[in-house]
Amino acid sequence: MTLVAFALVLWGFGWWLNTRLAEGPRSGTRAIRLAIPLIFGATILVVWELVVRGLEVPLVILPAPSLIAARVAGSLPILWADFVQTFVKGALSGYLIGCGAAFLMAVAVDRSEFLRLGLLPVGNFVAALPIVGTAPILVMWFGFDWQSKAAVVVVMVFFPMLVNTVAGLRETTAMQRDLMETYAASYWQSFFKLRLPAAMPFIFNGLKISTTLALIGAIVAEFFGSPTLGMGFRISTSVGQLALDMVWAEIVVAALAGTLFYGLVALIEHHVTFWHPSQRR
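Below, the structure written as structure tokens:
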């Protein structure tokens with residue numbers, strides 16, 4: 001219990017320190033904005049370690065962070081192979097195909113009232129279908145390798161990206177469009193010089209939402225059939241073997257991959273839409 005009491009004291013100190021930093025006069029500086037989540041995350045890990053060891057929590061319920069880190073360090077070749085299979089082949093390829101197809105379809109929907117009224121309601125219906133129902137069907141259609149996982153990702157990211165892009169392309173006001181017409185601008189001139197720049201915040205919103213959906217879809221799809229490789233396969237088999245440290249190692253890799261992927265898209269958004277109020281400091 002001594003470790004648990006120390007963990008509570010440490011949690012209180014970390015909370016107090018972060019509060020002081022967040023409310024201090026230099027809270028808006030880059031160093032403070034970076035320090036606050038780092039301190040918070042480090043506090044959670046240390047408290048987690050102390051509580052698990054102090055209460056002697058069994059490994060099959062919750063392993064300590066040190067055991068997870070040791071498993072990650074000792075299983076790097078396996079984790080890397082699973083990462084390539086799930087993220088690079090399944091999630092990333094499906095993400096690029098799904099978002100690219102959604103963008104092209106959004107342009108077609110923007111030009112056709114029939115598609116806007118007919119396709120978007122169907123898209124909302126398809127987007128509401130549970131992945132646990134569609135994933136087994138797509139696995140049977142496209143096989144057990146990464147192609148079926150990419151197909152699941154395409155289905156998951158297509159309609160969120162489509163809806164956001166269509167909304168962005170319709171963001172410009174009637175006065176702005178009329179002004180382009182007075183300049184005798186063609187549809188594509190108006191599209192590239194007015195409507196596409198105005199739609200960029202919406203497009204990147206869809207891209208950021210799709211980063212998490214892509215990884216979730218690829219991992220869940222592997223539960224329904226996969227070669228002896230991949231994050232979802234490893235999690236499923238490790239749970240059956242009660243190897244919870246391996247399960248958490250895969251979760252750590254997935255979390256890091258998803259965070260970096262989201263951060264990369266957000267960084268690109270910051271440079272592309274620097275003019276938008278949401279990017280101003």
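With UniProt numbering applied, the sequence shown corresponds to residues 1 to 281, in that order.
Just so you know, even glycine gets a beta-carbon here, dropped at the ideal spot from N, CA and C.
Span of the alpha helix (DSSP H), counted from its first residue to its last, around residue i
i	result
Asp245	Leu244 to Val272
Leu45	Arg30 to Leu55
Leu79	Leu76 to Phe83
Glu23	Thr2 to Glu23
Pro201	Leu196 to Ala221
Gly98	Ser93 to Arg111
Gly232	Met231 to Gly240
For residue i, the nearest candidate out of the options (CA to CA)
i	options	result
Asp245	Ala70, Ala5, Asp82 and Val47	Ala70
Gly54	Met140, Gly206 and Val4	Val4
Thr43	Pro65, Val60, Ala31 and Gly240	Pro65
Met105	Leu92, Ile36 and Gly123	Gly123
Val157	Phe233, Ala214 and Val51	Ala214
Trp80	Ala108, Ala127, Ile32 and Ala249	Ala249
Val132	Ala243, Ser236 and Val220	Val220
Arg20	Thr2, Phe6, Phe40 and Ala7	Phe40
Val46	Leu76, Ala7, Pro63 and Ser75	Ala7
For residue i, the three-state DSSP class (helix, strand or coil)
i	result
Phe144	coil
Leu129	coil
Ala64	coil
Glu171	coil
Leu138	helix
Gln189	helix
Thr86	helix
Pro121	helix
Pro160	helix
Gly225	coil
Leu115	helix
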